[in-house]
Amino acid sequence: MSLNLDATLGAMHIGTSLAGYLLGLTTAQAVYYYTQYPDDSLIFKLLVGWTVTLDFFHQICIEHNGYEYQVTNWNNPAAILDIFWSLIAQVFVIGLLTVTAQLFYVWRLWKLSNSYILPAIVSMLALAQFGLLLFYCKEILGLASLAEVGKVTYLQKTINALSGATDVLIALAMVWHLRSIRTGFEKTDSILGRLMIFCVNSGALTSITAIWVIISVSSS
Numbered sequence: 006m007s008l009n010l011d012a013t014l015g016a017m018h019i020g021t022s023l024a025g026y027l028l029g030l031t032t033a034q035a036v037y038y039y040t041q042y043p044d045d046s047l048i049f050k051l052l053v054g055w056t057v058t059l060d061f062f063h064q065i066c067i068e069h070n071g072y073e074y075q076v077t078n079w080n081n082p083a084a085i086l087d088i089f090w091s092l093i094a095q096v097f098v099i100g101l102l103t104v105t106a107q108l109f110y111v112w113r114l115w116k117l118s119n120s121y122i123l124p125a126i127v128s129m130l131a132l133a134q135f136g137l138l139l140f141y142c143k144e145i146l147g148l149a150s151l152a153e154v155g156k157v158t159y160l161q162k163t164i165n166a167l168s169g170a171t172d173v174l175i176a177l178a179m180v181w182h183l184r185s186i187r188t189g190f191e192k193t194d195s196i197l198g199r200l201m202i203f204c205v206n207s208g209a210l211t212s213i214t215a216i217w218v219i220i221s222v223s224s225s
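Numbering (the working numbering), first residue to last: 6 to 225.
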């Protein structure tokens, strides 16, 4: 009897390879940052280091997860439904990375707007999303196998919906405040325009990803 593993182990292999490539880009960006901006604030240096460290640990988790499924249990098809510690750990790390990035943007939004209201709203959304993710990890720990993951599908959808909404709100708020500080000088406004495009693109990419995850979970 042959098994079609394209949608499971095959997808995992492709995802692991892409994650390794993106980790390389992240590391290169971090090296560039540390060498080009040695006088930057210590808090920013620590934040970059924290992000890269989490990214490395995320890669370790998915590599371990893949090794367990594809090597250790290569002749045990039933193991494809097992839940290893690294599977839960990688979800937790993704949550930490997400909330770190979102709260950093909240800080930037606060600096731009000089107001606490909108940053507070976005902060609550980001922290609510992270809180739900912690609960999701706890629920996964209580499952006997991945065959029961349907029990927590509602949490996956809610977390990704909150994540997408938070990113869209951040992007729109950043664009709004960047537009409000235009000076009328062509060079300055050109820089602000590029920043606005960056905000929209970064928010759109993460939001589209969140929506795609919701669709994938709903159709599986």
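Glycine included, each C-beta is placed from N, C-alpha and C at the ideal position.
Local Cβ density within 10 Å of residue 9, reported as buried at 16 or more and exposed below that: With fewer than 16 other beta carbons inside 10 angstroms of its own, residue 9 counts as exposed.
Buried/exposed call for residue 107, threshold 16 Cβ in 10 Å: It is buried - the Cβ of residue 107 has at least 16 other Cβ atoms within 10 Å.
Start and end residues, alpha helix (DSSP H) containing residue 29: For residue 29, the uninterrupted alpha helix (DSSP H) run begins and ends at 16 to 41, by DSSP.
Cβ-Cβ distance between residue 66 and residue 98 below 8 Å: Taking 8 Å as the Cβ cut-off, residue 66 and residue 98 qualify as a contacting pair.
Extent of the continuous alpha helix (DSSP H) run through residue 56: 47 to 72 is the span of the alpha helix (DSSP H), which, as asked, contains residue 56.
DSSP-derived helix/strand/coil call for residue 117: Helix.
Length of the line joining the Cα atoms of residue 35 and residue 57: Cα to Cα, the separation comes out at about 7 Å.
Proximity below 8 Å, CB of residue 74 to CB of residue 129: No, the Cβ-Cβ distance between residue 74 and residue 129 is not below 8 Å.
Span separating the alpha-carbon of residue 168 from that of residue 144: Residue 168 and residue 144 have their C-alpha atoms roughly 19 Å apart.
Nearest-angstrom Cα separation, counted from residue 51 out to residue 157: Going from the Cα of residue 157 to the Cα of residue 51 covers about 35 Å.
Outcome for residue 114 when other beta-carbon atoms lying within 10 angstroms are tallied against a minimum of 16: The residue is buried, with at least 16 neighbouring Cβ atoms inside 10 Å.
Endpoints, the alpha helix (DSSP H) within which residue 84 is located: For residue 84, no alpha helix (DSSP H) run applies, since DSSP gives it neither H nor E.
Where residue 109 sits in the DSSP three-state scheme: The three-state secondary structure of residue 109, taken from DSSP, is helix.
Span separating the alpha-carbon of residue 72 from that of residue 12: Spanning the two alpha carbons is a distance of roughly 17 Å.
Which listed residue (149, 62, 112) has its alpha carbon closest to that of residue 85: The candidate whose alpha carbon is nearest that of residue 85 is 149.
Nearest-angstrom Cα separation, counted from residue 78 out to residue 89: Their Cα atoms are separated by approximately 12 Å.
Rounded straight-line distance, which links the Cα of residue 29 to that of residue 133: Taking the straight line from one Cα to the other gives about 31 Å.
Beta-carbon proximity check, residue 102 vs residue 59, cutoff 8 Å: It is a contact, given that the beta carbons lie within the stated cut-off.
Residue interval of the alpha helix (DSSP H) (run including residue 132): Run containing residue 132: 122 to 146, per the alpha helix (DSSP H) assignment.
Chain-order list of residues whose beta-carbon lies under 6 Å from that of residue 62 (same chain, five-residue window excluded): Scanning its chain for C-beta atoms nearer than 6 Å, with the 5 sequence neighbours on each side dropped, one finds around residue 62 the residues 98, in chain order.
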